[in-house]
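**Q**
Protein chains: 2
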Amino acid sequence: MEIQDTETRLIRDLGEQGLLKIIQPFCPIGIVGDDAAVIPRPDRDSLVITTDVLVDGVHFSDRTTPPHSVGWRAVAANLSDLAAMGATPIALTVGLGLPPDTSVAWVEALYQGMTDCLRTFGGEIVGGDLVRSPLRTLSITAVGEVDQTHSIQRSQAQPGDAIVITGYHGLSRAGLELLLNPTVPGVNKSDRGWNELTEADRQRLVRAHQYPVPQLGVGQRAAQFDRVAGMDSSDGLADAIVQICRASGVGARIEALPIDPALQNHPQSRDWTLYGGEDFELVLCLAPENANQLLNFAPSTAQVIGQVTTDASQLVVDIAGEMRSIGLEAGFQHFNSSPPPG
Amino acid sequence: MEIQDTETRLIRDLGEQGLLKIIQPFCPIGIVGDDAAVIPRPDRDSLVITTDVLVDGVHFSDRTTPPHSVGWRAVAANLSDLAAMGATPIALTVGLGLPPDTSVAWVEALYQGMTDCLRTFGGEIVGGDLVRSPLRTLSITAVGEVDQTHSIQRSQAQPGDAIVITGYHGLSRAGLELLLNPTVPGVNKSDRGWNELTEADRQRLVRAHQYPVPQLGVGQRAAQFDRVAGMDSSDGLADAIVQICRASGVGARIEALPIDPALQNHPQSRDWTLYGGEDFELVLCLAPENANQLLNFAPSTAQVIGQVTTDASQLVVDIAGEMRSIGLEAGFQHFNSSPPPG
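As you go down the protein sequences, you meet chains A and B in turn. Note that my numbering has the first sequence beginning at 1, numbered continuously upward. Note that my numbering has the second sequence beginning at 1, numbered continuously upward.
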């Protein structure tokens, strides 16, 4: 095995987890690692802060996301990080890098999208920075607050917990597929069902991709229980469960993976549901009696999909009786992969 | 005059102020416009939030700023925005866009520079985001707090106020010049004095560029007065005075422009002092008796350079008896200009 010093080592050789290990010594212990940082404040609610950076061609593209949607998604992603901590949004800043040949209309639609999302879910843009840049970049920081004794952390899961998720997963990925590869009904027989999607389902999937909904209400309700572990599913349902298991030193068994009816006929429906990402739903682990209370609070969206186990080596997923085991060691490496922009 | 609709108008045709006018309708009135946003919180200190975005080749470059300095300057710029509001830093988030061929050493040095600045002046990195990007981008958001009845705002200057600045201006620009065009002593006779700079002065100027010092102590002291107007001089001394005058509906007369002794012999010393930028000093307008108290608080750095006037049309600068008048209408347009990176 070749040993390289840090002068010549490149970050693509480290992967995302390796890079995080490089950076963590520079950040306070215990604060970094969740969807957002929780900063305790004496005698008052804790502050919660989260930042997302989006780069044109990597995280969004004119092909799949009009500027109004870029703005909505960017804000929704940050609000989802606050939701994953049980926090209430207060304020956002927007750092925008723009090439000088960007149209005014693009900028206006971007801000309209951000503002429309904020009007729906709370919080407001209070400032930011505008700079010249060779490519469009968007950096949003959201600040929220949460009762200092109640917040959701990844590391709090315990064997026997019920695993509760909101909504369906894979819809954003399916919507991206429809945007990237618009299909003509009936042309490809193997995808017959997919190509015979109703127009309403098509619009619903595209909307799931372009206009995700942060689960602030469910997050705030869940944070009121004495103990709750969780995060949002921005990097996929399986990733969220794996991250919670690794942080908590537990395993998980998924017994009822819900697949949206519109996805049933697509050959990749299971992969999209497990790994699609960007659905911005919540994945929560909590005592079964609290899980029931949460289901009563949000009966239209929350459901139990499995339970936390003592086997800290694997996540077992039962898909219609076919078992799939996912090791918990490796984690997922997004930094050096090249997913389609969306 | 040709009228274009927003579909075809480009942001380079608007300039920075024009672009801000497009964006301001999407932000709450009264919060945007200062160095940082002040968010009132019931029964407690106000939150202060500021964001800076830095792009490789636009705001920094390997030629003039090693990664440790890029980190220090980025944090110092944000802390300076907090200083300009009289705030105390609490926490920072760091959004980093990196090409996969970035060396690990570059990332480590960047974080070391940020951490060294924070250890010196307060605040800590609590989180952020790491993403793949075709070029290096760095977005920092700093959160601080300030007593809700005391903060520094640009719009509070009144005729008769003394104008107080910290430190000298133009040093960062002079240091950049030394980095971009290292001179050989005695080669160019017209720049003789400049080329005969002592090594200590050279190092001091380069250090002013690479390791600026945010004026948190002076800002916090100034915020305790009943009324104080001000901002930092990140875009230059003249720009800061112009911005305060425009926000307050007043003019200004500078009677004693201090020029650092090391710059005296350079033909551009006055322009650098007025327009150089990135010195991250404070420019404050306050009642003469409060100005005296501030000078007693910071005798080694604070000095009175002039006074606020009723003539809201101009800033008059008396440089050794030679009058220069700067109109207050146009403002400065940084967005479509191309300053050397630094």
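Beta carbons: idealized from backbone N, C-alpha and C, even for Gly.
Among A287/B, R253/B, V304/B, A320/B, which one has its Cα closest to the Cα of I326/B?
**A** By 1-based counting over the second sequence, the position of residue 326/B is 326. With distances taken between Cα atoms, I326/B lies closest to R253/B.
**Q** Relative to the C-alpha of L237/B, which residue among L263/B, V48/B, H266/B, R270/B is closest?
**A** Indexing the second sequence from 1 puts residue 237/B at position 237. Checked all of L263/B, V48/B, H266/B, R270/B; the closest Cα to L237/B is R270/B.
**Q** In the DSSP output, what is D56/B paired with across the bridge?
**A** If you number the second sequence from 1, residue 56/B lands on position 56. Its beta-bridge partners are F60/B.
**Q** Chain E partners of T141/B, CB-CB under 7 Å?
**A** The structure shown contains no chain E; the protein chains it does contain are A and B.
**Q** In terms of residues, what are the limits of the alpha helix (DSSP H) holding I241/B?
**A** Here the question's residue 241/B lines up with position 241 in the second sequence. I241/B -> alpha helix (DSSP H) spans 237-248.
**Q** With distances taken Cα to Cα, identify the nearest neighbour of S155/B among G175/B, A247/B, L284/B.
**A** For the purposes of this step, residue 155/B is identified with residue 155 of the second sequence, where counting begins at 1. For the residues G175/B, A247/B, L284/B, the minimum Cα distance to S155/B belongs to A247/B.
**Q** Ordered along the chain, which non-local residues of its own chain (more than five positions away) have a Cβ less than 8 Å from that of T88/B?
**A** Here residue 88/B corresponds to residue number 88 of the second sequence, with the count starting at 1. Hits under 8 Å: L82, G122, G144, E145, V146, L216, Q220.
**Q** Spell out whether any CB of chain B is found under 8 Å from the CB atom of F332/A.
**A** Translated into the one-based positions of the first sequence, residue 332/A becomes position 332. Note that F332/A scores 45 on pLDDT, short of 50, meaning its location in the model is unreliable; the coordinates nonetheless yield the value given after this. No, F332/A lies away from the interface with chain B (no Cβ there is under 8 Å from its Cβ).
**Q** Is the beta carbon of H169/B closer than 8 Å to that of T348/B?
**A** In the structure as shown, chain B starts at 1 and stops at 342, and residue 348/B therefore has no counterpart that could be examined.
**Q** Helix, strand or coil for R73/A per DSSP?
**A** Counted from its first residue, the first sequence places residue 73/A at position 73. If DSSP states are grouped into helix, strand and coil, R73/A belongs with the helices.
**Q** So which residues of chain A does C117/B contact, with C-beta pairs closer than 8 Å?
**A** As a first step, residue 117/B must be located in the second sequence, where it is residue number 117. Correct list: empty, because the minimum Cβ distance to chain A is about 11 Å.
**Q** Which value, in whole angstroms, describes the spacing of the CA atoms of T309/A and Q264/A?
**A** As a first step, residue 309/A is located in the first sequence; it is residue number 309 there, counting from the start. As a first step, residue 264/A is located in the first sequence; it is residue number 264 there, counting from the start. Near 28 Å, if we compare the C-alpha coordinates of Q264/A and T309/A.
**Q** Regarding A302/A and the ligand COA, is the C-beta to nearest heavy atom distance less than 7 Å?
**A** What this structure holds is no ligand at all, so the ligand COA is not there to describe.
**Q** The beta strand (DSSP E) that contains I165/B, what's its start and end?
**A** For the purposes of this step, residue 165/B is taken as the residue at position 165 of the second sequence. Boundaries of the beta strand (DSSP E) harbouring I165/B: 162-166, taken from the DSSP string.
**Q** What three-state label does DSSP hand E124/A in the structure shown?
**A** As a first step, residue 124/A is located in the first sequence; it is residue number 124 there, counting from the start. E124/A falls in the strand class under three-state DSSP.
**Q** Residues of chain B with CB closer than 8 Å to the CB of C27/A, please, in chain order.
**A** For the purposes of this step, residue 27/A is taken as the residue at position 27 of the first sequence. Neighbours of C27/A on chain B, chain order: E124, I125, V126, G127.
**Q** Quick check: the Cα distance between E289/B and D34/B, rounded to an integer number of angstroms?
**A** In the second sequence, the residue the question calls residue 289/B occupies position 289. In the second sequence, the residue the question calls residue 34/B occupies position 34. Near 25 Å, if we compare the C-alpha coordinates of D34/B and E289/B.
**Q** Would you kindly check if the distance between the Cβ of E16/B and the Cβ of L96/A is under 8 Å?
**A** The sequence position of residue 96/A within the first sequence is 96, counting from 1. The sequence position of residue 16/B within the second sequence is 16, counting from 1. No, they are not a contact pair.
**Q** So, with DSSP's three-state summary, where would you put M114/A?
**A** Counted from its first residue, the first sequence places residue 114/A at position 114. In the structure shown, M114/A sits in a helix (DSSP, three-state: H, G or I).
**Q** From S133/B to T141/A, what does the alpha carbon distance come to, in whole angstroms?
**A** Taking the second sequence and counting its residues from 1, the one referred to as residue 133/B is at position 133. Taking the first sequence and counting its residues from 1, the one referred to as residue 141/A is at position 141. Rounded to whole angstroms, S133/B to T141/A spans 18 Å at the Cα level.
**Q** Which residues of chain A have a Cβ atom closer than 9 Å to the Cβ of D101/B, listed in chain order?
**A** Residue numbering aside, residue 101/B sits at position 101 when the second sequence is read from its first letter. Result: L10, I11, R12.
**Q** Have a look at A291/B, I22/B, I319/B and flag the residue whose alpha-carbon is nearest the alpha-carbon of D161/B.
**A** In the second sequence, residue 161/B corresponds to position 161, counting from 1. With distances taken between Cα atoms, D161/B lies closest to A291/B.
**Q** Between which two residues does the beta strand (DSSP E) carrying Q158/B extend?
**A** Looking up residue 158/B in the second sequence gives position 158. Where Q158/B is concerned, there is no enclosing beta strand (DSSP E), given that its DSSP letter is neither H nor E.
**Q** Using a C-beta cutoff of 8 Å, does L130/A count as contacting chain B?
**A** As a first step, residue 130/A must be located in the first sequence, where it is residue number 130. Judged by the 8 Å Cβ criterion, L130/A is in contact with chain B.
**Q** Output needed for C245/A: all residues of its chain with C-beta closer than 8 Å, excluding positions within five of it in sequence on either side, in chain order.
**A** The residue you call residue 245/A lines up with position 245 of the first sequence. Within the same chain, C245/A has close Cβ partners A157, G251, A252, V308, A312, L315, L328.
**Q** Would you say E199/B lies against chain A (beta-carbon separation less than 8 Å)?
**A** Translated into positions along the second sequence, residue 199/B becomes position 199. It does not: the Cβ of E199/B has no partner Cβ on chain A nearer than 8 Å.
**Q** Taking Cβ-Cβ distances below 8 Å as the criterion, which residues of the stretch 274-291 of chain B are in contact with chain A?
**A** none
**Q** For I254/B, which beta-bridge partners are listed by DSSP?
**A** Residue mapping note: residue 254/B aligns to position 254 of the second sequence, counting from 1. Partner(s): G306/B, V317/B.
**Q** Name the chain A residues that come within less than 9 Å of E177/B, Cβ to Cβ?
**A** Sequence index remark: in the second sequence, residue 177/B carries index 177 (1-based). Neighbours of E177/B on chain A: none; closest Cβ ~22 Å, over 9 Å.
**Q** Determine the DSSP secondary structure at V38/A, reduced to helix, strand or coil.
**A** Here residue 38/A corresponds to residue number 38 of the first sequence, with the count starting at 1. If DSSP states are grouped into helix, strand and coil, V38/A belongs with the strands.
**Q** Out of curiosity, what's the CA-to-CA distance linking N181/B and P261/B?
**A** Numbered from 1 along the second sequence, position 181 holds the residue referred to as residue 181/B. Numbered from 1 along the second sequence, position 261 holds the residue referred to as residue 261/B. Using only the alpha carbons, I get a separation of about 20 Å.
**Q** Counting only the same chain and skipping the five closest in sequence on each side, list residues whose C-beta sits under 7 Å from that of P67/A.
**A** On the first sequence, position 67 is the one that residue 67/A refers to. Around P67/A: W106, A109, L110, G113.
**Q** Going by alpha carbons, who is nearest to D45/B out of G321/B, M85/B, L10/B, R204/B?
**A** Counting from one through the second sequence, the residue named residue 45/B turns up at place 45. Here the closest residue by C-alpha is M85/B.
**Q** Figure out for me which residue from C117/B, P40/B, P42/B has the closest Cα to the Cα of V75/B.
**A** Working through the second sequence from its first residue, we reach residue 75/B at position 75. It is C117/B whose Cα lies nearest to the Cα of V75/B.
**Q** Hey, quick one: how far does the alpha helix (DSSP H) through S269/A stretch, first residue to last?
**A** Locating residue 269/A in the first sequence gives position 269, counting from the first residue. In the DSSP assignment, S269/A falls within the alpha helix (DSSP H) that extends over 269-275.
**Q** Given this structure, state the Cα-to-Cα distance separating G186/B from T198/B, to the nearest angstrom.
**A** Counting from 1 along the second sequence, the entry for residue 186/B is found at position 186. Counting from 1 along the second sequence, the entry for residue 198/B is found at position 198. Because G186/B sits at a pLDDT of 48, beneath the cut-off of 50, its placement in the model cannot be relied upon, and the following sentence gives the value as read from the coordinates. Here the alpha carbons of T198/B and G186/B stand approximately 13 Å from one another.
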